[in-house]
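These notes are about the structure you will find just below.
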Amino acid sequence: GAVVSQHPSRVICKSGTSVKIECRSLDFQATTMFWYRQFPKQSLMLMATSNEGSKATYEQGVEKDKFLINHASLTLSTLTVTSAHPEDSSFYICSASPDSGNTIYFGEGSWLTVV
Amino acid sequence: SQQGEEDPQALSIQEGENATMNCSYKTSINNLQWYRQNSGRGLVHLILIRSNEREKHSGRLRVTLDTSKKSSSLLITASRAADTASYFCATRYSTLTFGKGTMLLVSP
């Protein structure tokens with residue numbers, strides 16, 4: 075089946091620094107990628123939708139300048155958490171779709187801890 | 805919000821028993837999907853049921869959809885300890901919106 079890879083799987087960073095999480099579709103071209111955030115024992119909350127070559131569409135309440143999303147190629151999207159704060163500590167999951175969201179494959183997620 | 809609501813929030817059963825999880829949602833959907841998540845891991849897609857379908861089977865999984873009641877159920881038959889995980893329903897209209905999940909614990 076289709077594979078979506080996220081890297082790193084775990085990262086610890088200091089408050090005030092920026093951290094980048096990559097999401098790659100390994101065996102298909104992802105026209106659309108989605109970024110979710112999940113707090114412990116909570117549901118997945120959609121943060122933003124990105125289409126290759128265009129600006130990401132952010133969900134209400136998600137700070138665009140804090141969570142920078144880049145979808146520069148059909149196989150790679152990145153989420154950069156800027157000026158990280160302990161409240162940004164969470165599990166971030168990406169998903170990718172070859173057909174604008176009809177078929178969706180999820181990555182394994184990335185644990186971010188801000189200390 | 806279209807977010808689905810699963811119940812129960814947590815379910816504990818013995819191996820061999822059946823597990824039933826329910827999902828309710830609020831607005832129109834194109835399809836409804838069920839996912840599984842092992843602790844601290846990504847999501848695994850289990851089954852998709854379209855809005856014009858009422859029941860679907862996949863191995864030990866049986867999903868029903870009642871669009872008039874805006875509800876779905878996931879039945880796992882003959883459960884195994886390896887089925888221990890969180891299960892989420894997700895409704896699709898323009899985007900995929902997840903419910904809060906049911907934590908299933910299957911004891912040997």
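Protein chains in written order, with this note's numbering: chain A, 75 to 189; chain B, 805 to 912. The beta-carbon is built from N, C-alpha and C at its ideal position, and this holds for glycine as well.
Run the proximity test for residue i: is its beta-carbon closer than 7 Å to any non-hydrogen atom belonging to the ligand GTP?
i, result
"residue 810/B", "Although the ligand GTP was asked about, the structure shown includes no ligands whatsoever."
For a contact meaning CB atoms closer than 8 Å, what does residue i contact in chain A?
i, result
"residue 904/B", "116, 117"
Taking DSSP as the reference, what is the three-state secondary structure of residue i?
i, result
"residue 96/A", "strand"
"residue 830/B", "coil"
"residue 859/B", "strand"
"residue 814/B", "strand"
"residue 823/B", "strand"
"residue 122/A", "strand"
"residue 889/B", "strand"
"residue 161/A", "helix"
"residue 111/A", "strand"
"residue 840/B", "strand"
"residue 835/B", "strand"
"residue 906/B", "strand"
"residue 141/A", "strand"
"residue 84/A", "strand"
What in chain A is Cβ-close to residue i, meaning under 9 Å?
i, result
"residue 845/B", "182, 183"
Checking the sheet assignment: what are the DSSP bridge partners for residue i?
i, result
"residue 850/B", "Answer by DSSP bridge pairing: none, since residue 850/B is not bridged."
"residue 870/B", "875/B"
"residue 901/B", "895/B"
"residue 226/A", "Here chain A has residues from 75 to 189 only, and residue 226/A is not among them."
"residue 184/A", "166/A"
"residue 178/A", "Note: residue 178/A sits in no beta bridge, so no partner."
Going by other Cβ atoms of all chains shown within 10 Å of its Cβ, with 16 needed for buried, is residue i buried or exposed?
i, result
"residue 821/B", "exposed"
"residue 805/B", "Reliability of the predicted coordinates at residue 805/B is poor, the pLDDT of 42 falling under 50, and the value obtained from them is presented with this limitation in mind. Exposed, because fewer than 16 other Cβ atoms sit within 10 Å of the Cβ of residue 805/B."
"residue 180/A", "buried"
"residue 810/B", "buried"
"residue 80/A", "buried"
"residue 886/B", "exposed"
"residue 86/A", "exposed"
State yes or no: is the beta carbon of residue i nearer than 8 Å to at least one beta carbon in chain A?
i, result
"residue 899/B", "yes"
"residue 805/B", "Residue placement at residue 805/B cannot be trusted, given a pLDDT of 42 that sits under 50; what the coordinates show is reported in the next sentence. No, its Cβ sits nowhere closer than 8 Å to a Cβ of chain A."
Do we get a CB-CB distance below 8 Å when we pair residue i with the residues of chain B?
i, result
"residue 86/A", "no"
"residue 143/A", "no"
"residue 120/A", "yes"
"residue 123/A", "yes"
"residue 167/A", "yes"
Could you name the residues of chain B that residue i contacts, counting a contact when the two beta carbons are closer than 7 Å?
i, result
"residue 178/A", "900"
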